[in-house]
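Colleague:
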Amino acid sequence: MSDAQVRANPPLLEVRDLKMHFPVKEGVFMRTGKYNRAVDGVSLHIGAGETLGLVGESGCGKSTLGRCIARLYQPTAGQVLFEGNDISRLRRKQMMPYRRDIQMIFQDPMESLNSRHTIGYIVEEPLLIQRIGTSAWRKQRVRELLDLVGLPARSVTRYPFEFSGGQRQRIGIARAIALNPKLIICDEPVSALDVSIQSQILNLLVDLQRELNLSYLFIAHDLAVVKHISDRVAIMYLGKVVETATGEELYHSPAHPYTRSLVSAIPVPDPHQQKQRQVLSGDVPSPINPPTGCSFHTRCPRVMEQCREQEPQLIAVSDPEQGVRHRPVSCHLFEADRSAS
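Following numbering that gives the first Met the number 0, the numbering of the sequence shown begins with 0 at its first residue and continues without gaps.
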C-alpha cells in the first residue's frame, strides 16, 4: 500500500514515529543516566485483512514494538492509530473497548497460559473480563473456539501441562480470537515449536485469517517463516525499520545491506545448489549507546563516510538496475525518489 493509497483508504492500524525508551538506573542512588532505545522512531501501517511480517535479529525491538501497539507498554513518544483513533495515551478503562479488537499471541505458550486454570476457563476469560454473554453461551462459545483451532471439546476440563507445545499454542490462538478481534499481534508464535508443528500452526493462522477477516502483525526472526504468511515485510534493525516491501520484492531483490544479509542466510533445500552468504562482521551495537549516523554502519560491508555522520531516512527509493522500485528503504546507497513523497 503506497502513501497515496493510505491517504485514500485509511489503514486499520497506523504507527507514527513510535518510541519506547526504557530508563537505565545507575550508581548508588539508582538514578536514570541513560536510556535503552528499544524502539526508536518506527512508522508502519497494516490494512484490513493484511499480514505485515516484522523481521530482525534478537534484541532489535520487534517484541517491544508489538507490546506497545497492544498497549502492554506505554510508549515514550509517537502515535498508535487504530481505525483512526490514537490509543497510545489512553488509560486502562479507556482501552477496554479496544481490547476486543486488538489481541496477542505470545511466543511461549506454556508461559502465556496459567497452569492453575483449566483450558475452558483460559479461553473463556476474555469473555468474562468483557462481560459478554451468559454463562451457558460462554461455555458453548468456548467449545466452538476449541473446535475452530482443531482441539476436542473435552479439552475444557484439562490443564495446559497435559498438552503438547503445538496444542498449547492452539489454545493461545483460541483465546486470542475469542472476542472476534480485528488485529492479532503474533509475537514469534512458532519459534518455540518443532519444525513439523510450525507449518500446522502457520496454516491454521492463514485459515483463520480467511474465515474471520483478521489482520496480523507477524513478528519473527526467520524470513523463511515470514515468507509463508506475510503480504508485506518490514525489516527492523536496532529499534528502527530499515526496509519495507512485499514478500516477492524482498526475496528477489533485497535493497538494504542488512536485508541482503538476512535473505542470503535463508537455507536452500537443494544440497547441490550453492548460495553465496553475506556474513556480517561484528556484533549488534547496544541500544543504550547506538552509533551515530546510520545505526548499521558499524557492520555494513558498503559503509561510506556519510553513513557515519548522517542518519538516513526511510524514504521511497528506486534503483531499476537492482529491481528496486519505489520502496521505503533507509540507506544512503540509494537515491531517494523525493518527488513521489
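Idealized CB from N, CA, C, for every residue including glycine.
Report the partner residues of F81 according to the DSSP bridge assignment.
Modeller: Note: F81 sits in a beta bridge opposite L12 and N84.
Colleague: From this set, A76, L192, G32 and G77, which residue's C-alpha is nearest D107's C-alpha?
Modeller: Checking every option, the nearest Cα to that of D107 belongs to L192.
Colleague: Suppose contacts are defined by Cβ-Cβ distances below 8 Å. Is L213 in contact with V232 by that definition?
Modeller: No; because the gap between Cβ atoms is not below 8 Å, this pair is not in contact.
Colleague: Measuring straight from C-alpha to C-alpha, what distance separates V14 and E49?
Modeller: Rounded to whole angstroms, V14 to E49 spans 15 Å at the Cα level.
Colleague: Would you call A173 buried or exposed, if buried means 16 or more other Cβ atoms sit within 10 Å of its Cβ?
Modeller: Buried.
Colleague: Measuring straight from C-alpha to C-alpha, what distance separates I200 and I228?
Modeller: Going by the C-alpha atoms only, they are around 11 Å apart.
Colleague: Based on DSSP bridge pairs, tell me the residues matched to H20.
Modeller: Beta-bridge pairing links H20 to R36.
Colleague: DSSP has R342 in a bridge; who is on the other side?
Modeller: In the structure displayed, the chain extends from 0 to 340; residue 342 sits before or after that span and is not available.
Colleague: Which residues mark the beginning and the end of the alpha helix (DSSP H) in which A223 is found?
Modeller: Its alpha helix (DSSP H) spans residues L222 to I228.
Colleague: What are the uninterrupted segments assigned as beta strand (DSSP E) that are 3 or more residues long and contained completely in the region 38-63, given in chain order?
Modeller: The qualifying runs are 50-54.
Colleague: If you drop the 5 nearest sequence neighbours on each side, which residues of the same chain put their C-beta closer than 7 Å to that of F160?
Modeller: If we look at F160 and ignore the five residues flanking it on each side, its Cβ neighbours are S114.
Colleague: Is the separation between the beta-carbon of P284 and that of L207 shorter than 8 Å?
Modeller: No, the Cβ-Cβ distance between P284 and L207 is not below 8 Å.
Colleague: Between the C-alpha atoms of I131 and R99, what's the straight-line distance to the nearest angstrom?
Modeller: About 11 Å.
Colleague: Where in the region 160-222 do unbroken runs of the alpha helix (DSSP H), each at least 4 residues long, occur, reported from the N-terminal end onward?
Modeller: DSSP runs (the alpha helix (DSSP H)) wholly in the region 160-222: 164-175 and 194-211.
Colleague: Could you please give the first and the last residue of the uninterrupted beta strand (DSSP E) stretch that includes M235?
Modeller: Element bounds for M235: R231 to Y236.
Colleague: The alpha helix (DSSP H) with T258 in it runs from where to where?
Modeller: Run containing T258: P256 to S263, per the alpha helix (DSSP H) assignment.
Colleague: I104 to I183, Cα distance in whole Å?
Modeller: Near 7 Å, if we compare the C-alpha coordinates of I183 and I104.
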